[in-house]
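S.K.: Have a look at the structure that comes next, please.
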Amino acid sequence: MRNSTFCLVPRGRRLGSFRFLEVLQAGCVPVLLANGWELPFSEVIDWTRCTVQADERLLLQVPEVVRSINASQMLQMKQQTQLIWNRYFSSVQKIVFATLEILADRVRRQAARPLAVWNSDPGALAVNLSFSDHLPHFPFYHNALGTSPRSRYTAVISVSHGGSGAIHTTPLLNSSKTSHGASLSKSPVSRSNGFSPTTGSKANVTEMSTEATRTIAYAPSLGNFQMNTELPVIMVVWTSPQTAPPDSRLPGGAIPVHVVVPPSPSPSARHAPHPLVTSDAVFSLDEDVTLTTDELDFAFTVWRTFPERLVGYPARSHHWDEAKGGWSYSSRWTNSYSLVLSGAAVYHRYYQHVYTHQAHPSLLAAVATTHNCDDLLLNLLVAAITRRPPIKLTQRKQYKDPTSEAK
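Number 183 in the numbering used here belongs to position 183 of the sequence shown; there are no gaps in the numbering.
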């Protein structure tokens, strides 16, 4: 069946047929020969998008019906069979959860999921309506709705090892021109204590700079943020054991700076929702990361094309080690990768909600205990929802070209 495009599914002993699920699993388009068969979850799943429902009394017409489907339609139908199988039928757990969600939608008609959510990636089970009841607020439906994430974003910088006197701005970096000693106008600064989950969502972008592990000079890219006209606010997440700096020690600039001290110094604090994060995307940066303005803009531009993906610069790989009988993690530079570190990455704020409210408590506890691996958890959560890999970006040229200097 895996090598077939269409598979006949005849009437079973009890009208339905277990062959139907086998065909879906194989990625073959089911050709149903069972008049009057009510397909599973038919009140929410549009089976016409991935099945051919033939009349069992007109068997001789089936070949003609199948031949009338062009190659593009075949591909779409095969893709839809995989979506339906993977999201709702690949395990008993998913079948049970889908049944419960359908019953819940029957009870709360006004808050029921639209049919488009059930019939498109990532499926209804991966969309938490407690985040928002407005589809454009999610990263998955922009293409279908003809919308795109807005171009504004907010910088959020998290400090874990910086001293109270470590905050400073650095010369502006640009791939084509470097500006030294640029003056920044004084900015309004405020302080906020504690995190609180957001309700709803607004279409902007947030840039979050994450905790550093090696240096106390936490903001090499802060000057570049200040030069970005699309940046409404800079948020500093302070998880350092040192006391947060007074307002007088914060850098001035055209963009307001807010210091937030979370109740727990866990690395997960960088991924927690906060009222200041009112934009679509989160640009996560470690405090010691230096990116040029072009690199910041490039990362955000790529993310706007793939808002459901994790987009970033530093990459790692993980694989199953048969010899050790466990997972292995590698930071070696290879031609393949499976993870993008949150030290310089862009992702949708919806994943903040998923990370904080849907990740298993034992996973969050492990991150808090080890003070590490929050980026692994974020990558796996995003991959579990989207079934897509992260996107790695390349940075600016790190060497001098003698031929260009000679010219």
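We treat Cβ as the ideally placed atom computed from N, Cα and C, and that holds for glycine.
Straight-line CA distance for E22 to A54?
M.R.: Rounded to whole angstroms, E22 to A54 spans 19 Å at the Cα level.
S.K.: Can you name the start and end residues of the alpha helix (DSSP H) that R67 belongs to?
M.R.: That run of the alpha helix (DSSP H) goes V62 to R67.
S.K.: Just the C-alpha distance for W118 and P40, rounded to the nearest angstrom, thanks.
M.R.: Roughly 13 Å separates the two Cα atoms.
S.K.: Would A155 and F225 qualify as a contact pair, given that the criterion is a beta-carbon distance under 7 Å?
M.R.: In contact: A155 and F225 (Cβ atoms closer than 7 Å).
S.K.: Report yes if the CB atom of A299 is closer than 7 Å to the CB atom of V346, and no otherwise.
M.R.: Against a cut-off of 7 Å, the Cβ pair of V346 and A299 comes out as a contact.
S.K.: How close, in whole Å, do the beta carbons of Y351 and L381 come, if the pair is a contact with beta carbons under 8 Å?
M.R.: Yes, Y351 and L381 are in contact; Cβ-Cβ is about 7 Å, under 8 Å.
S.K.: Excluding the 5 residues preceding and the 5 following R2 in the sequence, name in chain order all residues of the same chain whose CB lies nearer than 6 Å to its CB.
M.R.: Counting only Cβ-Cβ distances below 6 Å, and skipping sequence neighbours, we find A26.
S.K.: Which two residues bound the contiguous alpha helix (DSSP H) that contains V107?
M.R.: Unbroken alpha helix (DSSP H) run through V107: V92 to V107.
S.K.: Could you tell me the alpha carbon to alpha carbon distance between W238 and F140, rounded to whole angstroms?
M.R.: C-alpha separation (whole angstroms): 31 Å.
S.K.: With a threshold of 8 Å, are at least 3 pairs of Cβ atoms found where one atom belongs to the region 55-73 and the other to the region 101-120?
M.R.: No contact exists between the region 55-73 and the region 101-120.
S.K.: Which same chain residues, not among the five before or five after C50, have their C-beta less than 7 Å away from its C-beta?
M.R.: Cβ neighbours of C50 beyond the five flanking positions: V29, M77, Q80, T81 and I84.
S.K.: With respect to the alpha helix (DSSP H) encompassing D288, which residues constitute its N-terminal and C-terminal limits?
M.R.: First-last for D288: undefined, no H or E at that position.
S.K.: Please look up how many angstroms separate the CB atoms of V159 and S268, rounded, as I've assumed it's under 8 Å.
M.R.: 15 Å between Cβ atoms; not a contact.
S.K.: Would you mind reading off the limits of the beta strand (DSSP E) that contains A71?
M.R.: Note, A71: premise wrong, no beta strand (DSSP E); alpha helix (DSSP H) at A71 to I84.
S.K.: Along the chain, where does the beta strand (DSSP E) containing A323 start, and where does it finish?
M.R.: Looking at the DSSP string, A323 is not in any beta strand (DSSP E), and its letter there is neither H nor E.
S.K.: I'd like to check one pair, P149 with R249: are the Cβ atoms closer than 7 Å?
M.R.: The answer is no: Cβ separation not under 7 Å.
S.K.: Provide the residue(s) that pair with V31 in DSSP beta bridges, ordered along the chain.
M.R.: DSSP, once it has assigned bridges, lists L8 and V52 as partnering V31.
S.K.: Going by CA-CA distance only, name the one from A272, A315 and R19 that's closest to F131.
M.R.: For F131, the nearest C-alpha among the options comes from A272.
S.K.: Are the Cβ atoms of G343 and D286 separated by less than 7 Å?
M.R.: It is a contact, given that the beta carbons lie within the stated cut-off.
S.K.: Straight-line CA distance for R316 to T334?
M.R.: The alpha-carbon atoms of R316 and T334 are separated by roughly 9 Å.
S.K.: Which of the three DSSP states, helix, strand or coil, is assigned to T154?
M.R.: The answer is strand: DSSP assigns T154 an E or B state.
S.K.: Considering only their Cβ atoms, is the gap separating V302 from V289 smaller than 7 Å?
M.R.: No, the pair does not count as a contact, with Cβ atoms beyond the cut-off.
S.K.: So W303 is in the alpha helix (DSSP H); what residue range does that whole segment cover?
M.R.: That run of the alpha helix (DSSP H) goes T293 to T305.
S.K.: How big is the Cα-Cα spacing for Q395 and F283?
M.R.: If you take the alpha carbons of Q395 and F283, they lie about 16 Å apart.
S.K.: Just confirm the distance between the C-beta atoms of S338 and P265, as a whole number of angstroms; I'd bet it's less than 8 Å.
M.R.: 28 Å between Cβ atoms; not a contact.
S.K.: Pull up the DSSP beta-bridge partners for L377, would you.
M.R.: Per DSSP, none; premise fails for L377.
S.K.: So, helix, strand or coil for A182, using DSSP?
M.R.: Because A182 sits at a pLDDT of 33, beneath the cut-off of 50, its placement in the model cannot be relied upon, and the following sentence gives the value as read from the coordinates. Note: A182 maps to coil in three-state DSSP.
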